[in-house]
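Here the structure is laid out as structure tokens; the discussion comes afterwards.
Number of protein chains: 2
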Amino acid sequence: MADSRIEALFKPKSVAVIGASGTPGKIGYAIMKNLVEYGYEGKIYAVNVKGGEIEISGRKFPVYKSILDVPDEVDMAVIVVPAKFVPQVVEECGQKGVKVLPIISSGFGELGEEGKKIEQQLVETAHKYGMRILGPNIFGVVYTPEKLNATFGPTDVMPGKLALISQSGALGIALMGWTILEKVGLSAVVSIGNKSDIDDADLLEYFEEDENTGAILIYMEGVKDGRKFMETAKKVSMKKPIIIIKAGRSERGAKAAASHTGSLAGADSIYTAAFKQSGVLRALTIGEAFDWARTLSNLPEPEGENVVILTNGGGIGVMATDAAEEEGLHLYDNLEELKVFANHMPPFGSYKNPVDLTGMAGAESYEGAIRDALAHPEMHSIAVLYCQTAVLDPRDLAKIVIREYNESGRKKPLVVAIVGGIEAKEAIDMLNEEGIPAYPEPERAIKSLAALYKWSNWKKKQKKE
Amino acid sequence: MADSRIEALFKPKSVAVIGASGTPGKIGYAIMKNLVEYGYEGKIYAVNVKGGEIEISGRKFPVYKSILDVPDEVDMAVIVVPAKFVPQVVEECGQKGVKVLPIISSGFGELGEEGKKIEQQLVETAHKYGMRILGPNIFGVVYTPEKLNATFGPTDVMPGKLALISQSGALGIALMGWTILEKVGLSAVVSIGNKSDIDDADLLEYFEEDENTGAILIYMEGVKDGRKFMETAKKVSMKKPIIIIKAGRSERGAKAAASHTGSLAGADSIYTAAFKQSGVLRALTIGEAFDWARTLSNLPEPEGENVVILTNGGGIGVMATDAAEEEGLHLYDNLEELKVFANHMPPFGSYKNPVDLTGMAGAESYEGAIRDALAHPEMHSIAVLYCQTAVLDPRDLAKIVIREYNESGRKKPLVVAIVGGIEAKEAIDMLNEEGIPAYPEPERAIKSLAALYKWSNWKKKQKKE
Numbered sequence: 001m002a003d004s005r006i007e008a009l010f011k012p013k014s015v016a017v018i019g020a021s022g023t024p025g026k027i028g029y030a031i032m033k034n035l036v037e038y039g040y041e042g043k044i045y046a047v048n049v050k051g052g053e054i055e056i057s058g059r060k061f062p063v064y065k066s067i068l069d070v071p072d073e074v075d076m077a078v079i080v081v082p083a084k085f086v087p088q089v090v091e092e093c094g095q096k097g098v099k100v101l102p103i104i105s106s107g108f109g110e111l112g113e114e115g116k117k118i119e120q121q122l123v124e125t126a127h128k129y130g131m132r133i134l135g136p137n138i139f140g141v142v143y144t145p146e147k148l149n150a151t152f153g154p155t156d157v158m159p160g161k162l163a164l165i166s167q168s169g170a171l172g173i174a175l176m177g178w179t180i181l182e183k184v185g186l187s188a189v190v191s192i193g194n195k196s197d198i199d200d201a202d203l204l205e206y207f208e209e210d211e212n213t214g215a216i217l218i219y220m221e222g223v224k225d226g227r228k229f230m231e232t233a234k235k236v237s238m239k240k241p242i243i244i245i246k247a248g249r250s251e252r253g254a255k256a257a258a259s260h261t262g263s264l265a266g267a268d269s270i271y272t273a274a275f276k277q278s279g280v281l282r283a284l285t286i287g288e289a290f291d292w293a294r295t296l297s298n299l300p301e302p303e304g305e306n307v308v309i310l311t312n313g314g315g316i317g318v319m320a321t322d323a324a325e326e327e328g329l330h331l332y333d334n335l336e337e338l339k340v341f342a343n344h345m346p347p348f349g350s351y352k353n354p355v356d357l358t359g360m361a362g363a364e365s366y367e368g369a370i371r372d373a374l375a376h377p378e379m380h381s382i383a384v385l386y387c388q389t390a391v392l393d394p395r396d397l398a399k400i401v402i403r404e405y406n407e408s409g410r411k412k413p414l415v416v417a418i419v420g421g422i423e424a425k426e427a428i429d430m431l432n433e434e435g436i437p438a439y440p441e442p443e444r445a446i447k448s449l450a451a452l453y454k455w456s457n458w459k460k461k462q463k464k465e
Numbered sequence: 001m002a003d004s005r006i007e008a009l010f011k012p013k014s015v016a017v018i019g020a021s022g023t024p025g026k027i028g029y030a031i032m033k034n035l036v037e038y039g040y041e042g043k044i045y046a047v048n049v050k051g052g053e054i055e056i057s058g059r060k061f062p063v064y065k066s067i068l069d070v071p072d073e074v075d076m077a078v079i080v081v082p083a084k085f086v087p088q089v090v091e092e093c094g095q096k097g098v099k100v101l102p103i104i105s106s107g108f109g110e111l112g113e114e115g116k117k118i119e120q121q122l123v124e125t126a127h128k129y130g131m132r133i134l135g136p137n138i139f140g141v142v143y144t145p146e147k148l149n150a151t152f153g154p155t156d157v158m159p160g161k162l163a164l165i166s167q168s169g170a171l172g173i174a175l176m177g178w179t180i181l182e183k184v185g186l187s188a189v190v191s192i193g194n195k196s197d198i199d200d201a202d203l204l205e206y207f208e209e210d211e212n213t214g215a216i217l218i219y220m221e222g223v224k225d226g227r228k229f230m231e232t233a234k235k236v237s238m239k240k241p242i243i244i245i246k247a248g249r250s251e252r253g254a255k256a257a258a259s260h261t262g263s264l265a266g267a268d269s270i271y272t273a274a275f276k277q278s279g280v281l282r283a284l285t286i287g288e289a290f291d292w293a294r295t296l297s298n299l300p301e302p303e304g305e306n307v308v309i310l311t312n313g314g315g316i317g318v319m320a321t322d323a324a325e326e327e328g329l330h331l332y333d334n335l336e337e338l339k340v341f342a343n344h345m346p347p348f349g350s351y352k353n354p355v356d357l358t359g360m361a362g363a364e365s366y367e368g369a370i371r372d373a374l375a376h377p378e379m380h381s382i383a384v385l386y387c388q389t390a391v392l393d394p395r396d397l398a399k400i401v402i403r404e405y406n407e408s409g410r411k412k413p414l415v416v417a418i419v420g421g422i423e424a425k426e427a428i429d430m431l432n433e434e435g436i437p438a439y440p441e442p443e444r445a446i447k448s449l450a451a452l453y454k455w456s457n458w459k460k461k462q463k464k465e
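As given, the protein sequences belong to chains A and B, one line each in that order.
For the first sequence, counting from 1, position 310 maps to 310 in the UniProt record's numbering; every step adds exactly one.
For the second sequence, counting from 1, position 158 maps to 158 in the UniProt record's numbering; every step adds exactly one.
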């Protein structure tokens, strides 16, 4: 059973912003603006000791001097007031019966022991009233299925199936921007900051059950309760893939991380072992993490090991084959069955896998080959590669892939790589907007498919044990 | 001494297009259009047996029925006529005294033995008249300092210092599009196709001396004369870095490559050894190749091993440190000297390398820190990292970097990584347009700097031996 207070973090019926402001540039303004402009449909209440009225994106809000004055129930209260006022605000939220408190305000545990004590007191107050705290020292929370953007980050988060959790505020906001630019669809963004109460494990538990989330990506600097995290991660990984970026692999990197976060230096090998044991996929870079996340959040698990590569360019076919071999993927090689692709290529094409439809391959070639591969029971995963030529506009290829994949019911993994210029980039964006993982390089498509296999194989191994 | 016929490939005083057409969609039209629209300032002559007059982008051209009718000297003749007419056209070009012949037309050696024979005859005819042939089976040639775009690929190639050579036509055109999209500045693009006459080694010799070229990137499927190539590559590498993408590393990839290009399977380890010996940097993916190329074509060699990382985010600083350690880069660690950065950060910043200017770092912090790092004699290379925050617009950071780097005289390597959304992407583009290598991820910046060190260290080792 999901914790109803954590559910209120993602599906609140009403949200109050304590420290709301009508002045652009202020955090209390940015959060109000994102709530309004991203289209949250629940009730929004502005709270500020100053009172009066503020206007946000053309909508007027009365400003209540205290949360206690709000004439209705409040599920979630986003707290933006200076640190020294937070204890009183938390107390009032408790009296009001608020369920969950994202505390944006900084100036607590991150400053040292004194701040940690105050933080603990906030948590005690919250728990006394049955509330949960997210943060403090965070940039907020997003849940796209409810059109909820209660952050001071970018507004136009692209809806999708990836839940993003960031321990770093600055990097988390930057990554939100990145997902918009790179068309990575998100179900949720959660800034967890000091993790005084709600931590990674709590969120994993929630996303495990959340039907709108297909995979979880965590930017982690350290965990407080390693055992709890790993046990939860292992349980959740049996249902949904978890990708983690945790910097500090090298000796010097670990030392730099220690001075930055206060976490123990040299403990990195422990993380590596624990991640492996819990089925967590550790990405080495931001790019790799999002590459994998596109595939893992959107695609079904493969029902077998046979991968088929369709290409119009020998060169990119070879590049993809290199990557597949290095990643331990199995290229389907039953020539009798692969012969079906001979129908979709000129005589000098090659139906050996990687299947070379040749540089002459146009819409019909790709359409036929993709359809046959999707329909064939022994072809379990498909990589569609395209090197931009004058024969076929990459955007037309994108349309074909979207149509064929949807008509097939999206029952097997399919990844796409398109090498080229601006039209190629547009085609890649079109595919990603439809939740079909598409990349500008063949290796990135193959490695992402390999990440899906890695997770799937880990699960199978667990079930056997 | 450079071969004057090869020089005519890049700096022709006049160009004839044999098979020129006024009909959009035809290759003979596309090449005329690119010549005109990219702004070639030499004379352009249209040749086609049909005669008459054609209009290209608002400019009218009389069409000569034969190159022999052109009333002027012709340095370069781009041949686009069907294969069967090519022998006669080459003969006429010889009589005319043309210097170099890019033969776009396909239907020769790539079809088999019969085609190879005809190809050889073309070369014999050309050599008899003192001409050189590029191709056949190519998409053309670009040389940006002369505003020459004699290809049927994209028009708006971004000028810069990278020479791109592609054996694959389809992939080469796709990569031209990629460089435009990703703001990789090019000095030249050469499609070498069947390499009947001019080959990689000839071009390397030319680019070695070409003041407009800083580095060379080759997409290679195979070489005919391995010894000649390697000897030339080794010589050229002493002056300019060479990056090669050659797919077919894995066993299966090599087999696929063999069936695609007819080159020997299993020979990949020979390439690996030969590349290493000749100082050639082998990139494993297209993305990696262009990442390195940005840095290698634009930056000076480092004068020492000390790398300084400036960052506003602990997390990305740690990521960069991990990458630096893994790549064997040396982070400068003289704390007495690094203390200079304490002037540009709040008290809770860290001047230990990676230098953490903190999330509060604005324009002044970065400006001061970059200036000090550029001026310090023991800081030999600089990586500027930025995680997008509300404190400093990434585009303003880009302006600061451009100004400071230019004012310092660009005497040491400087790479940039900016993590964020659309503004970050714009800042990255601004920097790359100015020839300052910028990336969306810290590791990519560090790995590119490492490629520069790898090449520079190889050179030093050669000089010692």
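All residues carry an ideal CB built from backbone N, CA and C; glycine is no exception.
Quantities reported herein were computed from a predicted structural model and do not represent experimental measurements.
- Excluding residues up to 5 positions away in sequence, CYS387 lie with their Cβ nearer than 6 angstroms to the Cβ of A/GLY313 in the same chain.
- Taking a 10 Å sphere around the C-beta of A/GLN95, we find fewer than 16 other C-beta atoms and assign the residue as exposed.
- Look at the segment 171-201 of chain B: the residues with a C-beta under 8 angstroms from a C-beta of chain A are LEU171, ILE173, ALA174, LEU175, MET176, GLY177, TRP178, ILE180 and LEU181.
- A contact between stretches requires three or more CB pairs, one per stretch, nearer than 8 angstroms, and the segment 44-53 of chain B fails this requirement with the segment 153-160 of chain B.
- For A/PHE290, the uninterrupted alpha helix (DSSP H) run begins and ends at 286-298, by DSSP.
- Assignment of B/PRO62 by DSSP, reduced to helix, strand and coil, places it in the strand class.
- Less than 8 angstroms divides the Cβ of A/TYR439 from the Cβ of A/ASP291.
- Every alpha helix (DSSP H) of 4 residues or more that sits fully in the segment 197-270 of chain A is shown, in chain order, as 200-209, 226-237 and 251-261.
- Using a Cβ-Cβ cut-off of 7 angstroms, A/GLU441 is close to THR285, ILE286 and GLY287 of chain B, given in chain order.
- Contact with chain A is absent for B/ALA293, since none of that chain's Cβ atoms lies less than 8 angstroms from the residue's Cβ.
- The alpha-carbon of A/TYR129 is positioned some 15 angstroms away from that of A/ILE198.
- Interface criterion met: the Cβ of A/ALA256 is under 8 angstroms from a Cβ in chain B.
- Beyond the five residues adjoining it in sequence on each side, A/ILE245 comes within less than 6 angstroms, by CB distance, of TYR219, ALA283 and ALA289 in the same chain, given in chain order.
- If you draw a straight line from the Cα of B/ILE316 to the Cα of B/VAL416, it is about 12 angstroms long.
- Take B/ILE44, set aside five residues on each side of it, and the residues of its chain with a beta-carbon closer than 6 angstroms to its own are VAL15 and LEU35, in chain order.
- Nearest Cα to A/LYS11 within the set A/THR125, A/ARG132, A/GLU146 and A/ASN194: A/GLU146.
- Chain B places no beta carbon closer than 8 angstroms to that of A/GLY160, leaving this residue out of the contacts.
- Between B/LEU134 and B/ALA215 a beta carbon distance of about 21 angstroms is seen, past the 8 angstroms cut, so the two are scored as non-contacting.
- For A/THR232, no CB of chain B lies under 8 angstroms from its own CB, so it is not counted at the interface with that chain.
- With its beta carbon less than 8 angstroms from one in chain B, A/LEU331 belongs to the interface.
- Where B/GLY140 is concerned, the enclosing beta strand (DSSP E) starts and stops at 140-143.
- For B/ARG249, at least one C-beta of chain A is nearer than 8 angstroms to its own C-beta.
- Distance from the Cα of B/ASN149 is smallest, within the candidate group B/GLY349, B/TYR38 and B/CYS93, for B/TYR38.
- Cβ contact annotation for B/GLY115 (same chain, cutoff 7 angstroms, sequence separation greater than five): GLY107, PHE108 and GLY109, in chain order.
- The alpha-carbon separation between B/LYS447 and B/ALA323 amounts to approximately 7 angstroms.
- Neighbours of A/THR321 in chain B, taken as residues whose beta carbon is under 7 angstroms from its own, are SER250, ARG252, GLY253 and ALA256 in chain order.
- In the three-state reduction of the DSSP assignment, B/ASN353 falls in the coil class.
- With its beta carbon less than 8 angstroms from one in chain B, A/PRO154 belongs to the interface.
- Within the segment 129-156 of chain A, the residues whose Cβ lies closer than 7 angstroms to some Cβ of chain B are PRO154, listed in chain order.
- In the assembly as shown, B/GLY435 is a buried residue. Its beta-carbon has 16 or more other beta-carbons within 10 Å.
- Taken atom to atom, the span from the alpha-carbon of B/TYR351 to that of A/SER269 is near 27 angstroms.
- Contact between B/SER57 and B/VAL80 is absent: CB atoms are separated by about 18 angstroms, not below the 8 angstroms threshold.
- A/LEU9 sits close to A/VAL100, with the two beta carbons spaced by under 8 angstroms.
- A Cβ-Cβ distance of about 6 angstroms is found for the pair A/ALA451 and A/LEU281, placing them in contact under the 8 angstroms criterion.
- Under the 10 Å beta carbon count, B/PHE152 is surrounded by 16 or more other beta carbons and is classified as buried.
- At a cut-off of 8 angstroms between C-beta atoms, B/THR389 counts as an interface residue with respect to chain A.
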